[in-house]
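*Asks:*
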Amino acid sequence: MTSKRSFINLRRENIKHRIGMIFITFFFFFLSMLAFLMSVQNICGRDIKTEEIIKGITALSRPEMGMGLLSMGAAVLLAISSFRYLHSKTEVDLYHSLPIKRREILYIMLTNDIVLFVMPLAIITVFRCAVTATVGYLSRGFLAGSFWSVLCYTAIFAVTYLTMSLAMLMTGNTFIGLLGFCVFAGYSPVVLCLLYPALASTFFITYCDTGTNLEIYSYFSPVSLANLLLSGNNVWKWEEHIVHFATIGVWIVFLLIINYLLFERRASEMAGKAMAFPRWNPVIRFLLVIPGAVYVGLGLYAVSFTSFKPWIIAGVIIGGFFIHGVIECIYRFDVRGLWSNKRQMLASVAISFLIVAFFWMDLSGFDKYLPREEELSSVVVDGPYTIDGHFWGKQRNGITGDTMKGTLKILDKIIGENDNNKDILDSGTSEEARGYSSYRFNYRLQNGRVEKREYILSPKLQDEIMEQVFDTMEYKKDTYALYTADWSLVTDVEISFPTCTEMLDMTKEQRSELFRIYLEEHSSLDYKTVKNTLPFGQLMISHKVGPSDNNYYSGMAEAETSDAYYLYPSFKKTIKYLREELKVDVKTSMKDISITSLNVSRYKENSEDWESLDIYDEEFIDSIKERLCYGDSLWLYGVEQAVDTSVDITATVKTESGEESYVVYTDSETVEKMKQQGTFE
Amino acid sequence: MIEIKQVSKSFEKIEAVKDIDLKIRSQYIFGMLGTNGAGKSTLLRMMAGILKPGQGEILIDGQSVWDNPEVKKRCFYISDEQFFFPNATAKDMATFYGRYYLKFDYSRFEELLHKFGLDDTRKIQTYSKGMKKQLSILIGLCANVSYLFCDETFDGLDPVMRQGIKSIFAKEIDERELTPIIASHNLRELEDICDHIGLLHKGGVLLSKELADLKCNMHKVQCVFPEDVQVPLYKMFHILQLKQKGRLLSMTVRESEEEISSKMEDLNPVYYEILPLSLEEIFISETEVVGYDIKTLIY
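Take a look at the structure:
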């Protein structure tokens with residue numbers, strides 16, 4: 008066994024031959040120091056409060072992506088420079104003939120590389136603290152941030168380094184080693200993660216992937232996990248990354264063990280070959296060829312504008328043969344290897360076919376799936392304009408009890424008609440497809456799983472399902488976030504009604520009161536009213552993004568969005584409060600507004616061109632005024648049952664300053680009357 | 008002593024070394040002869056602990072060499088294409104090896120460098136191929152090890168240099184019991200240096216003998232007997248090869264010069280002459296006996 012003293016000598020000797028790597032590592036860290044200096048100078052130079060400066064400088068100490076990428080880059084380079092000797096016969100002969108145990112060579116390389124990374128990292132951390140102290144903003148928060156940064160970057164370095172070294176150990180050529188690293192890094196979060204969604208969205212007509220949590224795939228890739236460790240909402244918090252840290256720790260231990268075992272077992276004669284453990288070659292080939300062939304099949308189908316599914320078969324054959332051949336050529340470093348191992352090639356293509364066939368023929372019954380009543384705990388119903396991620400209220404619980412049972416019966420019909428409805432929406436004329444919409448249903452099962460499906464509903468089925476669910480508080484709480492949201496997140500409330508939009512200037516108490524009164528009236532709103540009554544205006548509620556995990560805006564700094572809440576003539580208390588307490592001159596109808604003309608436009612049948620109709624008949628306009636409601640595209644959300652969206656209507660209104668145009672909506676009956684006023688040109 | 012016991016090694020489907028049993032005594036210069044692909048380098052790399060035998064084991068002074076630093080401290084492997092660090096000088100390489108071979112003799116290294124005319128401040132990458140080979144031998148010698156494994160190290164060295172190295176080897180063998188094991192495909196180069204020769208072919212050992220034994224016990228005899236005399240030559244001599252041209256008989260005999268002379272005197276031939284055999288001729292005869300045509304094996 009080598010003594011401790013000679014180990015130091017051997018490590019020093021190893022370092023001596025890696026001057027280039029030391030220079031590169033230090034140079035990049037030096038650049039990061041410069042970047043830090045510039046950021047500090049920039050923050051200190053701003054005309055902002057001291058607390059804001061401290062906040063800004065403290066934020067600089069926290070883990071961030073730039074340094075994370077630098078750590079990953081350093082890890083890859085250091086691992087290559089250490090383990091590259093295994094890929095050269097002459098160097099292997101030199102190192103493996105030396106009187107030193109193999110594991111000691113590994114130990115020297117690992118410890119030296121850690122020192123080569125940690126030393127400059129420690130230096131720049133001390134430098135950063137010194138700079139911050141010099142400008143007078145060194146805080147406990149900065150020190151804590153620096154500590155977590157060092158820990159994060161070291162973990163990222165270690166896991167990336169060990170992944171790269173594993174790739175170098177498993178191969179006999181540095182280029183192939185780099186390819187191997189890419190496979191280790193990307194196989195789970197890219198190849199596997201996207202395979203199911205790609206197949207399901209191609210073959211299952213009821214598949215909807217929004218909000219599906221794919222993060223789990225990142226846990227199977229050490230490099231992707233390192234990326235997760237750095238991600239976060241605006242401010243990096245260690246509490247949010249405990250699981251990532253723990254998983255990276257497990258990966259580090261696992262990779263250390265596997266690296267050690269492979270280093271001990273790696274045959275010296277594999278230097279210069281493509282792969283160092285030929286027994287694993289078929290396994291690696293299968294793992295790459297099968298998904299690769301499926302992707303090529305789907306790719307070819309996409310290139311054909313998803314017009315002809317047999318292209319998938321052609322793609323699987325071409326992809327299977329090609330990818331298998333390329334891997335064989337790499338294994339052998341010989342283009343003539345293209346047709347080697349034909350049996351395996353055929354087996355891979357056959358398995359790829361089976362996978363495609365499984366989805367194509369829907370052998371799992373995905374599209375016909377309807378859970379049994381006893382399996383279900385609730386059903387969340389989303390209309391066509393509801394986006395999961397926009398919801399900023401508390402958790403959506405879905406409908407339960409008798410409403411759920413009734414919904415299941417309607418769903419049975421929906422599933423039965425779905426194929427036909429999909430055809431109508433995709434291939435039918437615009438007249439045939441009018442009113443057809445997609446609805447999403449989340450089946451929450453008793454076992455905790457959630458199955459999501461998207462169906463195309465005819466207007467009749469839409470009515471049936473809405474009549475079943477709309478009147479329940481469960482549905483309203485799931486659809487209108489204001490019921491359960493944290494109102495302190497609200498930033499602004501704007502009111503819009505015919506020809507007027509204004510920001511409501513009110514206290515927090517007034518705002519709460521407005522919301523309370525509005526929701527009281529909204530909770531008693533029934534579907535019949537919604538379907539037959541046009542709202543006269545809307546409350547636009549702007550709010551910060553909520554804490555929901557599946558938030559659409561997750562990761563966006565200071566994200567804000569807004570929801571529309573409609574005002575119906577029946578909301579007497581709300582109108583009264585707006586008028587009397589908030590002094591808003593609320594107009595509940597367009598009947599007192601002077602409309603000089605109406606322009607109705609629509610797409611020409613089977614064409615991308617527009618045609619329009621202008622109506623100037625004052626008498627006619629006066630007769631339908633009350634059926635018009637003012638709005639923009641946001642109106643559609645939630646009132647789609649009442650308005651006819653097959654045409655765009657613009658009303659020209661006489662105002663004090665001249666004439667102005669407004670987008671208006673109306674119901675189907677009024678649209679039909681308008682169409683009879685002339686011909687579209 | 009190096010003991011190679013039933014050692015085999017395959018590279019995927021190619022069997023490079025097959026069931027080799029060999030003993031190499033200490034303080035001998037062992038020459039390992041064979042064609043390209045005969046398994047010389049593989050065997051040497053296994054002896055140096057670089058490659059792990061697929062089967063069997065290699066013992067050096069009674070201990071297995073594989074991943075055993077205690078044994079490897081006594082061995083130095085010189086590859087056919089020795090690796091030198093980029094931009095390194097001879098001195099840098101000596102420092103590097105000195106970290107691993109704690110008995111490395113730096114003063115002797117300087118002395119030998121000077122003797123061989125190698126500049127220790129010049130980058131090795133500017134050396135000629137022959138100079139690099141000389142440098143690797145010098146480093147190996149100065150590492151002060153007991154076993155020096157040289158893989159085609161002498162190929163390409165000029166005869167003067169070979170003789171110089173041979174005399175250093177002789178001195179080292181006397182002074183500190185060095186055992187050089189030299190692999191080569193060139194019989195004439197080994198003949199100058201080695202005491203013991205092993206012939207490898209297709210991964211196996213065809214023969215392994217001391218050079219002196221081979222030379223002393225094998226002779227070429229040319230003789231002419233009277234016309235009416237019938238001589239039972241095969242009964243009297245250990246004949247490996249016999250050729251007749253008219254009345255002149257030429258035979259290769261495995262016997263000492265004294266034994267042949269005494270038997271010839273008894274037979275009273277018209278004429279006889281005993282000639283020594285070159286190493287090449289000895290190998291041709293020996294391998295023909297075991298059914299090989301040496302000319303196709305070595306040349």
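So the protein sequences, as listed, match chains A and B. In terms of my numbering, the first sequence opens at residue 8 and continues consecutively. In terms of my numbering, the second sequence opens at residue 8 and continues consecutively. Using N, Cα and C, we set each Cβ at its ideal position, and we do this for glycine too. Just so we're clear, the structure is a prediction, and the values are computed from it rather than from any experiment.
What residues are listed by DSSP as bridge partners for B:His203?
*Replies:* Mapped onto the second sequence, residue 203 of chain B falls at position 196. Its beta-bridge partners are B:Phe37, B:Glu217.
*Asks:* If contacts are defined as beta-carbon pairs under 8 Å, then A:Leu691 and A:Val301 qualify, I think. What distance do you get, rounded to the angstrom?
*Replies:* As shown, chain A starts at 8 and ends at 688. That puts residue 691 of chain A outside it, with no answer to give.
*Asks:* Using the Cα positions of A:Val125 and A:Thr161, report the straight-line distance between them to the nearest angstrom.
*Replies:* Locating residue 125 of chain A in the first sequence gives position 118, where the first residue counts as 1. Locating residue 161 of chain A in the first sequence gives position 154, where the first residue counts as 1. Using only the alpha carbons, I get a separation of about 7 Å.
*Asks:* Quick one: list the residues of chain A neighbouring B:Phe90, beta-carbon separation under 8 Å, in chain order.
*Replies:* Numbered from its first residue, the second sequence carries residue 90 of chain B at position 83. Ordered by position in chain A, the residues that pass the 8 Å Cβ test against B:Phe90 are Ser95, Thr97, Glu98, Asp100, Leu101.
*Asks:* Look up B:Glu10 in the DSSP assignment and say whether it is helix, strand or coil.
*Replies:* Indexing the second sequence from 1 puts residue 10 of chain B at position 3. Residue state, collapsed to three classes: strand.
*Asks:* Looking at the unbroken alpha helix (DSSP H) that takes in A:Ala66, where does it start and where does it end?
*Replies:* Position 59 of the first sequence, counting from 1, holds the residue named residue 66 of chain A. From DSSP, the alpha helix (DSSP H) with A:Ala66 extends over 57 to 68.
*Asks:* Let me confirm a value: B:Ser174 is counted as buried when at least 16 other C-beta atoms fall within 10 Å, else exposed. Which label applies?
*Replies:* Locating residue 174 of chain B in the second sequence gives position 167, counting from the first residue. Classification of B:Ser174: exposed, given that the 10 Å Cβ count is below 16.
*Asks:* Would you kindly work out how many angstroms separate the C-alpha atoms of A:Arg135 and A:Cys51, rounded to a whole number?
*Replies:* In the first sequence, residue 135 of chain A corresponds to position 128, counting from 1. In the first sequence, residue 51 of chain A corresponds to position 44, counting from 1. In a straight line, the C-alpha of A:Arg135 is about 15 Å away from that of A:Cys51.
*Asks:* Helix, strand or coil for B:Gly46, going by three-state DSSP, please let me know.
*Replies:* Sequence index remark: in the second sequence, residue 46 of chain B carries index 39 (1-based). Three-state result, B:Gly46: coil.
*Asks:* Which residues, in order along the stretch 39 to 58 of chain B, keep a beta-carbon less than 9 Å from a beta-carbon of chain A?
*Replies:* Cβ contacts with chain A come from Thr49, Arg52, Ala55, Gly56, Ile57, Leu58.
*Asks:* List, in order along the chain, the chain B residues whose C-beta lies closer than 8 Å to that of A:Ala274?
*Replies:* For the purposes of this step, residue 274 of chain A is taken as the residue at position 267 of the first sequence. What A:Ala274 touches in chain B: Leu58, Lys59.
*Asks:* Please classify A:Leu361 as buried or exposed, where buried requires at least 16 neighbouring CB atoms within 10 angstroms.
*Replies:* Within the first sequence, residue 361 of chain A is the residue found at index 354, counting from 1. A:Leu361 comes out exposed.
*Asks:* Just to check my reading of the structure: B:Val293 and B:Ile281 have Cβ atoms closer than 8 Å, yes? What is that Cβ distance to the nearest angstrom?
*Replies:* Along the second sequence, read from residue 1 onward, the residue named residue 293 of chain B stands at position 286. Along the second sequence, read from residue 1 onward, the residue named residue 281 of chain B stands at position 274. Residue 293 of chain B is actually Glu in this sequence, not Val. No, B:Glu293 and B:Ile281 are not in contact; Cβ-Cβ is about 19 Å, not under 8 Å.
*Asks:* Do A:Phe164 and A:Ser68 come within 8 Å of each other at the CB atom, strictly closer than that value?
*Replies:* As a position in the first sequence, residue 68 of chain A is number 61, starting the count at 1. As a position in the first sequence, residue 164 of chain A is number 157, starting the count at 1. Not closer than 8 Å, so no.
*Asks:* Please report the distance separating the alpha-carbon of B:Ala95 from that of B:Asn151.
*Replies:* Here residue 95 of chain B refers to the residue found at position 88 of the second sequence. Here residue 151 of chain B refers to the residue found at position 144 of the second sequence. So the two alpha carbons sit approximately 22 Å from each other.
*Asks:* Output, in sequence order along the chain, the residues in the stretch 66 to 84 of chain B whose CB is closer than 7 Å to any CB in chain A.
*Replies:* Cβ contacts with chain A come from Asp74, Pro76, Lys79, Lys80, Tyr84.
*Asks:* Below 8 Å, how does it come out for the stretch 179 to 186 of chain A and the stretch 275 to 290 of chain A: are there three or more Cβ pairs, yes or no?
*Replies:* Enough Cβ pairs lie closer than 8 Å, so yes.
*Asks:* DSSP has B:Lys250 in a bridge; who is on the other side?
*Replies:* Working through the second sequence from its first residue, we reach residue 250 of chain B at position 243. DSSP lists B:Ser257 as partners of B:Lys250.
*Asks:* How many whole angstroms separate the CB atoms of A:Gln453 and A:Leu383, which I take to be in contact at a CB cut-off of 8 Å?
*Replies:* The sequence position of residue 453 of chain A within the first sequence is 446, counting from 1. The sequence position of residue 383 of chain A within the first sequence is 376, counting from 1. So it is a contact: roughly 7 Å between Cβ atoms.
*Asks:* With the cut-off set at 8 Å, would you say B:Leu109 and B:Ser153 are in Cβ contact?
*Replies:* Within the second sequence, numbered from 1, the residue matching residue 109 of chain B stands at position 102. Within the second sequence, numbered from 1, the residue matching residue 153 of chain B stands at position 146. Taking 8 Å as the Cβ cut-off, B:Leu109 and B:Ser153 do not qualify as a contacting pair.
*Asks:* Do B:Gly211 and B:Met39 have their C-beta atoms closer together than 8 Å?
*Replies:* Residue numbering aside, residue 211 of chain B sits at position 204 when the second sequence is read from its first letter. Residue numbering aside, residue 39 of chain B sits at position 32 when the second sequence is read from its first letter. Taking 8 Å as the Cβ cut-off, B:Gly211 and B:Met39 do not qualify as a contacting pair.
*Asks:* Looking at the structure shown, is B:Ser383 part of a helix, part of a strand, or coil, going by DSSP?
*Replies:* Since the first residue shown for chain B is 8 and the last is 306, residue 383 of chain B is missing from the structure and cannot be characterised.
*Asks:* Classify B:His121 as buried or exposed, calling it buried when 16 or more other Cβ atoms lie within 10 Å of its own Cβ.
*Replies:* Along the second sequence, one-based indexing puts residue 121 of chain B at 114. That one is exposed.
*Asks:* Could you please give the first and the last residue of the uninterrupted beta strand (DSSP E) stretch that includes B:Ala23?
*Replies:* Residue 23 of chain B sits at position 16 when you count from the first residue of the second sequence. 21 to 31 is the span of the beta strand (DSSP E), which, as asked, contains B:Ala23.
*Asks:* Can you tell me whether A:Trp243 is helix, strand or coil according to DSSP?
*Replies:* Numbered from its first residue, the first sequence carries residue 243 of chain A at position 236. In the structure shown, A:Trp243 sits in coil (DSSP, three-state: anything other than H, G, I, E or B).
*Asks:* What would DSSP say about A:Cys215, mapped onto helix, strand or coil?
*Replies:* Within the first sequence, residue 215 of chain A is the residue found at index 208, counting from 1. Correct three-state label for A:Cys215: coil.
*Asks:* So, is the C-beta of A:Ile87 closer than 8 Å to a C-beta in chain B?
*Replies:* Mapped onto the first sequence, residue 87 of chain A falls at position 80. Taking Cβ atoms only, chain B never reaches closer than 8 Å to A:Ile87, which makes this a no.
*Asks:* Under DSSP, the beta strand (DSSP E) around A:Lys661 begins and ends at which residues?
*Replies:* Residue mapping note: residue 661 of chain A aligns to position 654 of the first sequence, counting from 1. It spans 655 to 662 - the beta strand (DSSP E) in which A:Lys661 sits, taken as one unbroken run.
*Asks:* Over the uninterrupted alpha helix (DSSP H) stretch that includes A:Gln469, give me the two end residues.
*Replies:* Within the first sequence, the letter at position 462 stands for residue 469 of chain A. Counting along the chain, the alpha helix (DSSP H) containing A:Gln469 begins and ends at 466 to 476.
*Asks:* Are A:Ile55 and A:Asn119 touching if we call contact CB-CB under 8 Å?
*Replies:* Translated into positions along the first sequence, residue 55 of chain A becomes position 48. Translated into positions along the first sequence, residue 119 of chain A becomes position 112. Contact: no.
*Asks:* Which residues, in chain order, does the stretch 18 to 30 of chain B contribute to contact with chain A at a C-beta distance below 7 Å?
*Replies:* Under the 7 Å Cβ criterion, the stretch 18 to 30 of chain B contributes Phe18, Glu19.
*Asks:* Please return the same chain residues whose Cβ sits closer than 6 Å to the Cβ of B:Lys250, not counting the five positions on each side in sequence.
*Replies:* Here residue 250 of chain B refers to the residue found at position 243 of the second sequence. Here the set comprises Ser257.
*Asks:* Residues bridged to A:Ser690 by DSSP?
*Replies:* Because residue 690 of chain A is not part of the residues shown, which for chain A are 8 to 688, the question remains open.
*Asks:* Please tell me whether A:His24 has its Cβ less than 8 Å away from any Cβ of chain B.
*Replies:* The residue you call residue 24 of chain A lines up with position 17 of the first sequence. Closer than 8 Å to some Cβ of chain B, the Cβ of A:His24 qualifies, so yes.
*Asks:* From A:Asn449, A:Trp367, A:Phe188, pick the residue whose C-alpha is nearest to that of A:Val386; which is it?
*Replies:* Sequence index remark: in the first sequence, residue 386 of chain A carries index 379 (1-based). Considering only alpha carbons, the answer is A:Asn449.
*Asks:* Output needed for A:Ser555: all residues of its chain with C-beta closer than 6 Å, excluding positions within five of it in sequence on either side, in chain order.
*Replies:* As a working mapping, residue 555 of chain A is identified with position 548 in the first sequence. The predicted position of A:Ser555 is uncertain, since its pLDDT is 45 and thus under 50; a value taken from the coordinates is nonetheless stated next. Contacts found: none.
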